[in-house]
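Numbering-wise (my numbering), the sequence shown opens with residue 401 and increments by one.
Some notes on the structure that comes next.
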Amino acid sequence: TAADLVAAHGGRLIKTLGDEVLFAADDAGTAAEIALRLIEAMSQDETMPALRVGIAFGTVTTRMGDVFGTTVNLASRLTSIAPKDAVLVDGAFAKELVRHGDAPESEAQAAEEVAAAAERARLAEKEGREAVDQPPLPTYRFGLQPMWQRPVRGLGVVEPWLLARRGKTGS
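Here it is as structure tokens:
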């Protein structure tokens, strides 16, 4: 179930309401992993409706096991505008993933890092030394694609980011 998946990956299930699931996580990487695993798991079940996920990063008020506040409202609005079987995140969440090295600032940055590492290895080989002294290439778990700016009721204009998995899925 969604509750089992959330708990198994370090999140806290706050509540379910019909086909909606509200969960919290202590860090952006954990929340991103849970969201993508929910999409991956539910999209395999043909009896389930298409899943849409919205995630926002920020402060929440906790009361009697529930969460409240602008961050919760923004996550809800992102969910309502997310494409089917996709995860939309707010700018603060995207910045948090980048800050912790879970996502590149852009795909162009990731490509530049790969090209620079290849060039360092080529130069090391040319000079007859091993490239072991070179810094390791970052291994980003997630990718972010900026989406359209959109007015969101009660929250002004937001620029959501589409979250995707990069590389292999972990267990």
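By construction, the Cβ of each residue, glycine as well, lies at the ideal position given by its N, Cα and C atoms.
All figures in this text were calculated on a predicted structure; none of them were measured in a lab.
Rounded straight-line distance, which links the Cα of Ala-511 to that of Ala-407:
Along the sequence shown, one-based indexing puts residue 407 at 7. Along the sequence shown, one-based indexing puts residue 511 at 111. Between Ala-407 and Ala-511, the C-alpha separation is close to 34 Å.
Check whether the region 516 to 525 and the region 480 to 496 are in contact - that is, three or more C-beta pairs closer than 8 Å.
By the Cβ criterion, the region 516 to 525 is not in contact with the region 480 to 496, since fewer than three pairs of Cβ atoms, one from each stretch, lie closer than 8 Å.
Asp-466 bridges to which residues according to DSSP?
Along the sequence shown, read from residue 1 onward, the residue named residue 466 stands at position 66. BP columns for Asp-466 point to Arg-463.
On the criterion of 16 or more Cβ atoms from any shown chain inside 10 Å, does Ala-403 qualify as buried, or is it exposed?
For the purposes of this step, residue 403 is taken as residue 3 along the sequence shown, with counting starting at 1. Its Cβ having fewer than 16 others within 10 Å, Ala-403 is exposed.
Do Ile-455 and Ala-424 count as a contact pair if the criterion is CB distance below 8 Å?
Residue numbering aside, residue 424 sits at position 24 when the sequence shown is read from its first letter. Residue numbering aside, residue 455 sits at position 55 when the sequence shown is read from its first letter. Cβ atoms of Ala-424 and Ile-455: not closer than 8 Å.
Thinking Glu-496 and Ala-428 are a contact (beta carbons under 8 Å), I'd like their distance in whole angstroms, please.
Residue numbering aside, residue 496 sits at position 96 when the sequence shown is read from its first letter. Residue numbering aside, residue 428 sits at position 28 when the sequence shown is read from its first letter. Correct: roughly 4 Å between the Cβ atoms.
Figure out for me which residue from Met-464, Gly-543, Val-467 has the closest Cα to the Cα of Ala-503.
Within the sequence shown, residue 503 is the residue found at index 103, counting from 1. The closest CA to that of Ala-503, considering only Met-464, Gly-543, Val-467, is found on Gly-543.
Hey, could you find the ends of the beta strand (DSSP E) Lys-415 is sitting in?
Against the sequence shown, residue 415 aligns to sequence position 15. Counting along the chain, the beta strand (DSSP E) containing Lys-415 begins and ends at 412 to 417.
So, using beta-carbon positions, are Ala-494 and Trp-561 closer together than 8 Å?
By 1-based counting over the sequence shown, the position of residue 494 is 94. By 1-based counting over the sequence shown, the position of residue 561 is 161. Yes; because the gap between Cβ atoms is below 8 Å, this pair is in contact.
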